[in-house]
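Chemist:
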Amino acid sequence: MGRPNLHSGLCIAALTLVACSSTGQGQDYDPLEGMNRKVFWFNDKFDRYFLEPVAIGYDWILPDPIQRAVTNFVTNLRFPLNFINNLLQSKPKAAGEETLRFLTNSTIGIGGLLDPATGLLGLHEHNEDFGQTLATWGIPAGPYLVLPFFGPSNIRDGIGLIPTSLGEATIYVLNTEAFVAYSALRIVDQRARLIETIDSARQASLDYYVFARNAYNQLRQAEIAAGAKSSPGEGDPVDEVEDLYDDDLYDDSLYDDEAFDDDERSGEER
Numbered sequence: 288m289g290r291p292n293l294h295s296g297l298c299i300a301a302l303t304l305v306a307c308s309s310t311g312q313g314q315d316y317d318p319l320e321g322m323n324r325k326v327f328w329f330n331d332k333f334d335r336y337f338l339e340p341v342a343i344g345y346d347w348i349l350p351d352p353i354q355r356a357v358t359n360f361v362t363n364l365r366f367p368l369n370f371i372n373n374l375l376q377s378k379p380k381a382a383g384e385e386t387l388r389f390l391t392n393s394t395i396g397i398g399g400l401l402d403p404a405t406g407l408l409g410l411h412e413h414n415e416d417f418g419q420t421l422a423t424w425g426i427p428a429g430p431y432l433v434l435p436f437f438g439p440s441n442i443r444d445g446i447g448l449i450p451t452s453l454g455e456a457t458i459y460v461l462n463t464e465a466f467v468a469y470s471a472l473r474i475v476d477q478r479a480r481l482i483e484t485i486d487s488a489r490q491a492s493l494d495y496y497v498f499a500r501n502a503y504n505q506l507r508q509a510e511i512a513a514g515a516k517s518s519p520g521e522g523d524p525v526d527e528v529e530d531l532y533d534d535d536l537y538d539d540s541l542y543d544d545e546a547f548d549d550d551e552r553s554g555e556e557r
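For the sequence shown, our numbering assigns the number 288 to the initial residue and increments by one for each residue that follows.
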C-alpha cells in the first residue's frame, strides 16, 4: 500500500511549517490553498468515480444488520490506538474502559461483531488518535493540509498519521491479506455511512472546498475539546461528521462568501 512512506514524506517535509506557525493563527489558516485545491480536486474525482460507487454497491448489497456488524468489528479493532492515545493523554480511566470494551466485545460480542459493551455495560468508545494526542501536548495545528486519498488534515494531524501508519505496517508485515482486508473494509464501511451526508454537502455548499475545510476544522476542535474533558463516548468519527454536517450544512460560518464572490467575478470576466 505504501502508506507509511507517503505519510512520512508529506509530514516530515512539512515539519518546519509547524515550527513557523503561530498558535494564534485562525482555524482557517490555509497558506497552501493553491496546492490544497489541486489535491482536493483529485480526491473528489477519485471519490466520485471509484470510492462512492463501491460504497453505494456495498450499501445496496449488505442489509443493515450486517453493516452494523461490520462497523462494530472495525470499531473493535481500533482498540490499540484508542488505548495507547488515552494513556499518552494521561487518561488511565478511559484506557481502562477501552480495555474492558475490547475484552467484552471480543468475547461476548463474537469477535467484535456485536457491541454488548455499549448496550449492556454502558461503556462507550473513547476514540482518540495521535493528532489529538499532539494537540493535548500543546503542539499547534499548523496550516491546513489536504492529503492525497486521505483528505482534509493539517500539519499536526498529518504528523500524527505516521505512528498510525507504522502500527498498520506491523499488521501488513505479519499478514498482508489481513491488512488489505481490514483497510478496505474500514474505508468502504465509513464511506457508505456518509453517502447522503457528503452528497448533501456537495449540493448545498457554495464552495465545497471551503465547506470541507471549515467543517474539518470545527470537527477537530470539537474532538480535541471533548478529549481534553475526558468525555465518555466521544463517539464514532463517522457519526460526528454526520452530526456536524446535518447541524451546520446551512451555517454561514462554514462558507467563505468572499472567496465564492471572487470565483464568481473571475468566471464572469472569462
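Beta carbons are placed, not taken as given, at the ideal position from N, Cα and C, and that holds for glycine.
What are the boundary residues of the beta strand (DSSP E) that Gly438 is part of?
Modeler: Start and end: 438–441.
Chemist: What did DSSP end up calling Tyr431 once you bin it into helix, strand or coil?
Modeler: Looking at Tyr431 - three-state DSSP - the assignment turns out to be strand.
Chemist: By Cβ distance below 6 Å, which residues in the same chain neighbour Ile426 in space, the five residues on each side in sequence not counted?
Modeler: Excluding sequence neighbours, Ile426 sits near Arg443.
Chemist: Starting from Tyr316 and walking both ways along the alpha helix (DSSP H), at which residues does that stretch end?
Modeler: Neither: Tyr316 is in no alpha helix (DSSP H) and is coded neither H nor E.
Chemist: Can you round the beta-carbon distance between Gly447 and Gly418 to whole angstroms, since I take them to be within the 8 Å contact cut?
Modeler: Indeed they touch by this definition, with Cβ atoms about 3 Å apart.
Chemist: Below 8 Å between beta carbons: does that hold for Tyr336 and Ala479?
Modeler: No, they are not a contact pair.
Chemist: Using the beta-carbon count (16 or more within 10 Å), is Trp485 buried or exposed?
Modeler: Looking at the sequence provided, one finds Ile at residue 485 rather than Trp. Per the 10 Å Cβ criterion, buried.
Chemist: Consult DSSP for Ser452 and reduce its assignment to one of helix, strand or coil.
Modeler: In this structure, Ser452 counts as helix in the three-state DSSP scheme.
Chemist: Quick check: the stretch 384–398 against the stretch 351–368, are at least 3 beta-carbon pairs closer than 8 Å?
Modeler: Yes: the two stretches touch, three or more of their Cβ pairs being nearer than 8 Å.
Chemist: Take the Cβ of Gly462 as the centre, count every other Cβ of all protein chains shown within 10 Å, and call the residue buried at 16 or more, exposed below.
Modeler: Residue identity check: residue 462 is Asn in the sequence provided, not Gly. By the 10 Å Cβ count, Asn462 comes out exposed.
Chemist: In whole angstroms, give me the CA-to-CA distance for Arg324 and Leu390.
Modeler: Going by the C-alpha atoms only, they are around 43 Å apart.
Chemist: Are the Cβ atoms of Asp416 and Leu368 separated by less than 8 Å?
Modeler: Yes; because the gap between Cβ atoms is below 8 Å, this pair is in contact.
Chemist: Can you find the residues in the same chain that come closer than 6 Å, C-beta to C-beta, to Arg388, ignoring five residues on each side of it along the sequence?
Modeler: So the qualifying residues of the chain are Ala404, Leu410.
Chemist: With a 10 Å radius around its C-beta and 16 neighbouring C-beta atoms as the bar for buried, classify Pro439 as buried or exposed.
Modeler: By the 10 Å Cβ count, Pro439 comes out buried.
Chemist: Whole angstroms is fine: what's the gap from Ala504's alpha carbon to Val341's?
Modeler: A quick correction: the sequence has Asn, not Ala, at residue 504. Near 27 Å, if we compare the C-alpha coordinates of Val341 and Asn504.
Chemist: Can you tell me whether Gly409 is helix, strand or coil according to DSSP?
Modeler: Coil at Gly409, not helix or strand.
Chemist: In the DSSP assignment, find the unbroken alpha helix (DSSP H) run with Ile485 in it and report its ends.
Modeler: Element bounds for Ile485: 482–491.
Chemist: Give the secondary structure of Asp351 by DSSP, where H, G and I count as helix, E and B as strand, and everything else as coil.
Modeler: Looking at Asp351 - three-state DSSP - the assignment turns out to be helix.
Chemist: On a Cα-Cα basis, can you pick out the residue from Phe437, Pro450, Leu349 that is closest to Thr420?
Modeler: The option with the nearest alpha carbon to Thr420 is Pro450.
Chemist: With a threshold of 8 Å between beta-carbons, can Phe466 be considered close to chain D, or not?
Modeler: Structure shown: chain D not included; a single protein chain is present.
Chemist: Quick one: give me the first and last residue of the alpha helix (DSSP H) that Lys378 is part of.
Modeler: Per DSSP, Lys378 belongs to no alpha helix (DSSP H) and is neither H nor E.
Chemist: Taking 8 Å as the cut-off, decide whether the C-beta atoms of Asp315 and Asn441 are in contact.
Modeler: No, Cβ-Cβ distance for Asp315 and Asn441 is not below 8 Å.
Chemist: Give the secondary structure of Gly514 by DSSP, where H, G and I count as helix, E and B as strand, and everything else as coil.
Modeler: Three-state result, Gly514: helix.
Chemist: Decide if Leu434 is buried, meaning its Cβ has at least 16 other Cβ atoms within 10 Å, or exposed.
Modeler: With 16 or more other Cβ atoms within 10 Å, it is buried.
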